Amino acid sequence: MSDKPAVAFYWCASCGGCEEAVVDLAEDILKVVEAVDIVLWPVAMDFKKSDIEARPDKSIAAAFINGAVRTSEQEEWARLLRKKSRVVVSFGACANSGGIPALANQFGKEQILKYVYEDCPGVDNPGKTRPKVKSVDEGRVLTLPELHGMVRSLDQVIDVEYYLPGCPPTPKLIMAAVQALLAGKLPPKGTVLSPDIALCEECRRKDSKPSDLSLTGFKRPHQVQIDPEKCLLAQGLVCMGPATRGGCEALCPGGNMPCTGCFGPTSRVKDQGAKFVSSVFSNIAPKDEKGIDAVLDGIPDPIGTFYRYGLSKSLLRRKLN
Amino acid sequence: MTEKFEPRIVAFFCNWCTYTAADLAGVSRLKYAPNVRVIRVMCSGRVDPQFVLDAFARGADGVLLGGCHPGDCHYAEGNYKTLRRMRMLERMLKGMGIYDGRFRLEWISGAEGDKVRAVVNEITEKVRALGPLDMPGKFKEWDKEIEELEAHINQGGPRKEKLHV
Amino acid sequence: MTGNTEKHDGLPRVGFYICHCGTNIAGTIDVADVRKYAEGLPGVAIARDYKYMCSDPGQEMIAADIKKHKLERLVVAACSPNLHEETFRKAAARGGLNPFYFQMVNIREHASWVHTDKLAATRKVKDLSRAAIARVRFHHALDKQRVPVDPNVLVVGGGIAGIHAALTLANAGKQVTLVEKEATIGGHMALFDKTFPTLDCAACILTPKMSAVKSHPNIKLWTYSEVEKVEGYVGNYKVQVKRKPRYVDEDLCVGCMECIDACVFKEPKFRDKFNQGLGKRKPVYIDFPQATPKVVLVDPETCIQLKTGKCKKSCAEVCDRKAFNFEQKEKIEEIKVGAIVLATGFKTYDAGRDPNYGYGRYPGVYTALEVERLVNASGPTSGEVVLRDGKHPKAVGIVHCVGSRDDKSNKWCSRVCCMYSLKLAHLIKEHTGAEVYNFYIDMRAPGKAYEEFYDKLLSEGVHFVRGRVSDVTDWAMTPEEEGRLVIRVEDTLAGFVRRIPVDMVVLSTGLEPQADAQEVRRRFNIGCGTEGFFQERHPKLAPVNTFTEGVFIAGGCQAPRDIPDTVAQAGAAAAEALALIDAGFVELEPNTSHIAAEECSGCKTCVPLCPYSAISMEKAGENAKAVINEVLCKGCGVCAAACPSGSIKQNLFSDDEIFSEIEGVLTK
């Protein structure tokens, strides 16, 4: 065994974008590889679960876990890595707050399975066959992970030391986090490794925001020609920037797309969606219920819009069925 | 559940109108249901949608928000700001499965002590008919599925086999 | 009653006190049970219950405990904070604790007085107490900001209430601006001939006060003017007053009224509003001989010069003071005052709303106010009670409670109608010798010498019929009723329905809020009760105060009342204003909001939300942060609720405080 600190990467319910972000460190990744001993990285290298199980407890310096926890397998891995690691970094929006997978918390498990295996157009499944946790075929026993009733953030399953926000976290933030870990300069437990100030601070469109928005309607990005200079909210687009933690250097607004909130809220906010609603809708133009409703109709999917990355960590966590 | 269900309702009342109306209801000795717990704010405009969600998440079966009538806000237009954000909050609550009057926004002026009585009684009866929301209980129930594995890992025993669906 | 001085759990040490309020609280709430419960809550170092917490011994107990038990927070469960919050803050301060380390729990108005189920009410009180104990931990030491008070006062309304308030304030050396929307001050009282129960002449007692207003060096009298806009806060109001054009220079006109004689209209032919339409006036006019200021004015609706520009202007020609100015325009003047007294009065019920009484249909039906003008020596008939058809009435019926005590119109008793009906009965009888009938529901004479006045009328040969009049009709059933008005009424003392033929019907109309009461109260940011009269801060203990500090109310704008009560109330309002001014400063509630610059992203969300423009961006361009001007902030907290990054905190209502309160009321 190497005397370099052992580091593990793992992915739960995620798209793989967080893995890409690690690769996006480009040549910097070589420095990381040089400094650490990677003991687990399923997307890139071949390790077995038994390798980790065989390690002494707390022998891994840091585990970077991305993705939400949706299945029993992911939960098992998360718990295993927690047991073996001194520091667990919740990596990216899905691990931090459920991310895109958590949008499934608007539906019950049965609703999801029925749709996917029966009702979805294109499904040809006359026998209505569904995957089973355990099945026996000619004497051979097959098992599959169990789908949980809801999507959870990593910290809803295991204790977590730090959070790297973003969908995915930017290479700059990843590098800063890794360097801090290697240097032993660890912030207090629970810290989100990104500035605790909203995104507008770093957005180059900030000055073009009028002080009084008084919006009369909302539009979606495909419905308008977006002015590349002007504040996106001022253009009637739902830009979550004011209610979202900065640190990404306003990449999406820079690319002419509104912020969708992947960095989550600042430490002072419990529920990003509710807080965003409180801010922007307090100042829409109409005063009467009918007029207000007409403006709100411009946002056909409020949950998907305001909790795009954070439904698991919203105050209500999932829809009641 | 053996104990009779008594709804727990959290109310946010603005100081100048609805809280004063509730004081007036008291001075007038009007009688109403004891299920509402009033939290005083200076203006209904101080009520952050997070407060409403937090109240539900912590076990409120209903949430009532009281402010001055439109045009009557002590702070000019705070109640309009409330109305706008709460209209959106209502849509979000519906999206999360909380509707049917568990959340209610009412304009009650300082002179309408009787309206406090009526509204409190109405929301109490409404929520009583809907039954408990009990989000803390639901959180616990939902998390049972992960407690099982935690227990298994801690004990190091064999994994309980379960058939899916 | 136990004290646990040893308790240390890392939390600030809380003292919890629950008041019995005699039996007001303790009759419904098991206070001992709540006290025991509170003792067990985290951080509670001492919990006590006491018969009257607000009493001196109660307050002393708190102050002594703070010192003895080293209390760091104080929670008192008693009545509404609107009543005693200040009392207990002061008690905390006497004990050496910052007064804002205190939270009050309203268990009387919000619990013991409104619930009957003792167990459930006690449970509620425990929840509320737990929440207060949880939230008070997050309180901070705060200071009240002192701002100086402008010593000038605005009085709105020039009726007897406004006149009396203005004179009282001016006599105390304050500079008063009295704003009246009509061309003269005097209000309703100037319309009356005599006043009950003394029957002294209204003009004789009112006009000296009116001229005192006009000549007082400390009073600026602005008639024909209206308040347009009010900005600012207690002690520092900025008021815009619209001054309507009279087309006559007020400073030049001496009120000789020669212009009225010289007007191209030889005869008065336009409706005389002051005389309730019973007389006529010319386009250039003065309301009545003692009008104050004694300045004529020109009605732009009827003046040929103002309508067409083609009059020979004989009025202006005859004026040797050259006071006429047909080019005069409305102007807005701004004044700064520390306090405002609203004495905007009332209006009388529109008798036409009760068609069964025939007002507007039968010429013989009058309102009481019209009769006031008819019996008035300076009225349109010089005090002769002559009907619209020129005849003198032989029999007169006075119908009480028109637009009062009636589910169909106004539920309230107008308080003055019984007495003024008696007065009019006396005056009509005196002037005409007619048979006078009073139709009443019951006689309300609760005032000094009022019942005696009723007794006097009973002995004067006036008829009293107890019963509500059903209708007034000209449909005659007997020759005696022919050509007369018949009052149909159930005489509830005699027990049968009567028809009483009369020549004149007087409708004793009730008192209502002014038509623009809602607009006016919004302008001054005060409230109205359901019936539309201005809302006092407390019906008994603060009857001339409003929920807006520095704005006081007096007279008929608050509720129907007679002249003695109005004058007493006006004096009280003036005294309240004086108390405010002579203190020299006001202390502002420190529930303002503030922004942590290092947390603010400069998104500007808060800026347009502030109703007082108290939020601005610190500097333009990059890295601009929002800042709140604490003096302008009035503590609504709308910005704190809306700040999308949670960077605005409202003192006494921070997120921590409110979230802990939510948690507190819901913890099982």
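Protein chains in written order, with our numbering: chain A, 5 to 325; chain B, 241 to 405; chain C, 105 to 772.
Virtual Cβ for every residue (Gly too), placed ideally from N, Cα, C.
Every value quoted in this text rests on a predicted model; they were computed, and no experiment measured them.
Next on the checklist: On the DSSP bridge list, what partners appear for Tyr14(A)?
Outcome noted: Here residue 14(A) is taken as the residue at index 10 of the first sequence, counted from 1. Under DSSP, Tyr14(A) shares a beta bridge with Ile69(A).
Checklist entry - With a Cβ-Cβ cutoff of 9 Å, do Arg286(B) and Gln754(C) count as a contact? => result Your numbering for residue 286(B) matches position 46 in the second sequence. Your numbering for residue 754(C) matches position 650 in the third sequence. Annotated as proximal: Arg286(B) and Gln754(C), with beta-carbon spacing under 9 Å.
Checklist entry - Does the beta carbon of Val292(B) come closer than 9 Å to any beta carbon on chain A? => result Here residue 292(B) refers to the residue found at position 52 of the second sequence. Using a CB distance cut-off of 9 Å, Val292(B) counts as an interface residue toward chain A.
Checklist entry - Span of the beta strand (DSSP E) holding Leu542(C)? => result For the purposes of this step, residue 542(C) is taken as residue 438 along the third sequence, with counting starting at 1. First, the residue type needs correcting, since residue 542(C) is Asn and not Leu in the sequence shown. Start and end: Glu539 to Tyr544.
Checklist entry - Can you give the beta carbon distance from His219(C) to Thr311(C), rounded, assuming they're within the 8 Å contact cut? => result Looking up residue 219(C) in the third sequence gives position 115. Looking up residue 311(C) in the third sequence gives position 207. In fact, because the Cβ distance is near 56 Å, the residues do not count as touching under 8 Å.
Checklist entry - Taking the alpha-carbon positions, what's the Glu190(C) to Ala658(C) distance? => result In the third sequence, the residue the question calls residue 190(C) occupies position 86. In the third sequence, the residue the question calls residue 658(C) occupies position 554. Taking the straight line from one Cα to the other gives about 25 Å.
Checklist entry - By the criterion of Cβ-Cβ separation under 7 Å, what are the contact partners of Trp256(B) in chain C? => result Residue numbering aside, residue 256(B) sits at position 16 when the second sequence is read from its first letter. Neighbours of Trp256(B) on chain C, chain order: Phe651.
Checklist entry - Could one say the Cβ of Pro310(B) lies closer than 9 Å to chain A's Cβ atoms, at least one of them? => result As a working note, residue 310(B) is residue 70 in the second sequence. At least one CB atom of chain A sits nearer than 9 Å to the CB of Pro310(B).
Next on the checklist: Output needed for Asp32(A): all residues of its chain with C-beta closer than 6 Å, excluding positions within five of it in sequence on either side, in chain order.
Outcome noted: Mapped onto the first sequence, residue 32(A) falls at position 28. Excluding residues within five positions, the ones whose Cβ falls inside 6 Å are Met179.
Item to check | Trp326(C), DSSP secondary structure in three states | outcome: Residue 326(C) sits at position 222 when you count from the first residue of the third sequence. Three-state DSSP puts Trp326(C) in a strand.
Checklist entry - If you drop the 5 nearest sequence neighbours on each side, which residues of the same chain put their C-beta closer than 8 Å to that of Asp61(A)? => result For the purposes of this step, residue 61(A) is taken as residue 57 along the first sequence, with counting starting at 1. Lys87 and Lys88.
Item to check | Nonlocal neighbours in the same chain, by C-beta distance under 7 Å from Gly107(C), ignoring five residues either side | outcome: Start at 1 with the first residue of the third sequence, and residue 107(C) comes out as number 3. Legend: pLDDT at Gly107(C) = 45, less than 50; position of this residue unreliable, value from coordinates given subsequently. Here the set comprises Ile150 and His173.
Checklist entry - Among residues of its own chain, excluding the 5 on either side of Tyr716(C), which ones have a beta-carbon nearer than 8 Å to its beta-carbon? => result Translated into positions along the third sequence, residue 716(C) becomes position 612. Within the same chain, Cβ atoms closer than 8 Å to the Cβ of Tyr716(C) are found at Leu736, Cys737 and Lys738, the five residues on either side in sequence being excluded.
Checklist entry - What separation, rounded to the nearest whole angstrom, lies between the Cα atoms of Arg152(C) and Lys248(C)? => result As a first step, residue 152(C) is located in the third sequence; it is residue number 48 there, counting from the start. As a first step, residue 248(C) is located in the third sequence; it is residue number 144 there, counting from the start. Going from the Cα of Arg152(C) to the Cα of Lys248(C) covers about 29 Å.
Checklist entry - Using Cβ-Cβ distances below 9 Å, what residues of the stretch 238-253 of chain A are close to chain C? => result Met244, Gly245, Pro246, Ala247, Thr248, Arg249 and Gly250
Next on the checklist: Under 9 Å, Cβ to Cβ, is there at least one residue of chain C near Gly397(B)?
Outcome noted: Looking up residue 397(B) in the second sequence gives position 157. Residue placement at Gly397(B) is flagged as unreliable, the pLDDT there being 46, under the threshold of 50; the coordinate-derived value follows with that caveat. Output row for Gly397(B): interface = no.
Checklist entry - Do Lys386(C) and Phe369(C) have their CB atoms nearer than 9 Å? => result Along the third sequence, one-based indexing puts residue 386(C) at 282. Along the third sequence, one-based indexing puts residue 369(C) at 265. Their beta carbons are under 9 Å apart, which means Lys386(C) touches Phe369(C) by this criterion.
Item to check | Gln279(C), DSSP secondary structure in three states | outcome: In the third sequence, the residue the question calls residue 279(C) occupies position 175. DSSP places Gln279(C) in coil when its eight states are reduced to three.
Checklist entry - Which whole-angstrom value describes the C-beta separation of Gly102(A) and Ser157(A), a residue pair presumed to lie in contact below a C-beta threshold of 8 Å? => result Within the first sequence, numbered from 1, the residue matching residue 102(A) stands at position 98. Within the first sequence, numbered from 1, the residue matching residue 157(A) stands at position 153. With 8 Å as the limit, Gly102(A) and Ser157(A) qualify as a contact, their Cβ atoms being about 5 Å apart.
Next on the checklist: For a cutoff of 9 Å on Cβ pairs, would you count Tyr339(B) as touching chain C?
Outcome noted: Taking the first residue of the second sequence as position 1, residue 339(B) is located at position 99. No - not a single Cβ of chain C is within 9 Å of the one on Tyr339(B).
Next on the checklist: On a Cα-Cα basis, can you pick out the residue from Ser525(C), Glu438(C), Ala580(C) and Asp578(C) that is closest to Phe554(C)?
Outcome noted: Start at 1 with the first residue of the third sequence, and residue 554(C) comes out as number 450. In the sequence as displayed, the identity of residue 554(C) is Tyr instead of Phe. Measuring from the Cα of Tyr554(C), the nearest candidate turns out to be Ser525(C).
Checklist entry - So Lys294(A) is in the alpha helix (DSSP H); what residue range does that whole segment cover? => result As a position in the first sequence, residue 294(A) is number 290, starting the count at 1. Per DSSP, Lys294(A) belongs to the alpha helix (DSSP H) from Glu293 to Leu300.
Next on the checklist: Leu320(A) and Phe296(B) - do their beta-carbons sit closer together than 9 Å?
Outcome noted: Numbered from 1 along the second sequence, position 56 holds the residue referred to as residue 296(B). Numbered from 1 along the first sequence, position 316 holds the residue referred to as residue 320(A). Yes, they are a contact pair.
Next on the checklist: Using a 10 Å radius around the Cβ and a threshold of 16 neighbouring Cβ atoms, would you call Val140(A) buried or exposed?
Outcome noted: The sequence position of residue 140(A) within the first sequence is 136, counting from 1. Counting Cβ neighbours within 10 Å, Val140(A) comes out exposed, since fewer than 16 surround it.
Checklist entry - Do the stretch 437-451 of chain C and the stretch 651-666 of chain C touch if we need at least three Cβ pairs shorter than 8 Å? => result In this structure the stretch 437-451 of chain C lies against the stretch 651-666 of chain C, because at least three pairs of beta carbons, one per stretch, are closer than 8 Å.
Item to check | Contacts around Cys419(C), its chain only, beta-carbon distance under 7 Å, and the 5 residues preceding and following it disregarded | outcome: For the purposes of this step, residue 419(C) is identified with residue 315 of the third sequence, where counting begins at 1. So the list reads Cys363, Ala366, Cys367, Val388 and Phe428, once near-sequence residues are dropped.
Item to check | Whole-angstrom distance between Ala549(C) and Gly675(C), CA atom to CA atom | outcome: Along the third sequence, read from residue 1 onward, the residue named residue 675(C) stands at position 571. Along the third sequence, read from residue 1 onward, the residue named residue 549(C) stands at position 445. Distance between the alpha carbons of Gly675(C) and Ala549(C): 24 Å.
Item to check | C-alpha distance - Tyr341(C) paired with Asn275(C), whole-angstrom precision | outcome: Stepping through the third sequence from its first residue, residue 341(C) is reached at position 237. Stepping through the third sequence from its first residue, residue 275(C) is reached at position 171. When rounded, the distance between both Cα atoms is 22 Å.
Item to check | Cutoff 9 Å: Glu330(B) Cβ touching any chain C Cβ | outcome: What you label residue 330(B) is simply residue 90 of the second sequence in a count that begins at 1. Glu330(B) does not count as touching chain C.
Next on the checklist: Within 10 Å of its beta-carbon, does Tyr119(A) have 16 or more other beta-carbons around it, so buried, or fewer, so exposed?
Outcome noted: In the first sequence, the residue the question calls residue 119(A) occupies position 115. Taking all protein chains in view, the Cβ of Tyr119(A) is surrounded by fewer than 16 other Cβ atoms within 10 Å, so the residue is classified as exposed.
Item to check | Own chain, CB closer than 8 Å to Ala455(C), minus 5 neighbours either side, in chain order | outcome: Here residue 455(C) refers to the residue found at position 351 when the third sequence is read from its first residue. If you ignore the 5 residues before and after Ala455(C), its C-beta comes within less than 8 Å of the C-beta of Tyr461, Tyr463, Gly464, Val469, Thr471, Val506, Gly507, Leu611 and Thr613, all in its own chain and listed in chain order.
Item to check | Residue environment, Cys124(A), which counts as buried when at least 16 other CB atoms sit within 10 Å | outcome: Indexing the first sequence from 1 puts residue 124(A) at position 120. Exposed, by the Cβ-count rule.
Checklist entry - Quick one: is Gly631(C) near chain B, going by C-beta distance under 9 Å? => result Within the third sequence, residue 631(C) is the residue found at index 527, counting from 1. For Gly631(C), the nearest CB of chain B lies under 9 Å from its own CB, placing it at the interface with that chain.
Item to check | Terminal residues of the alpha helix (DSSP H) in which Asp575(C) lies | outcome: Counted from its first residue, the third sequence places residue 575(C) at position 471. Premise fails: Asp575(C) lies in the beta strand (DSSP E), Val573 to Thr577, not in any alpha helix (DSSP H).
Next on the checklist: Rounded to whole angstroms, what is the Cα-Cα separation between Thr258(B) and Thr582(C)?
Outcome noted: The residue you call residue 258(B) lines up with position 18 of the second sequence. The residue you call residue 582(C) lines up with position 478 of the third sequence. Each residue's Cα considered, the two are about 59 Å apart.
Next on the checklist: Could you tell me which whole alpha helix (DSSP H) segments of length 4 or greater appear in the stretch 678-712 of chain C?
Outcome noted: DSSP assignment within the stretch 678-712 of chain C yields no whole alpha helix (DSSP H) run of 4 residues or more.
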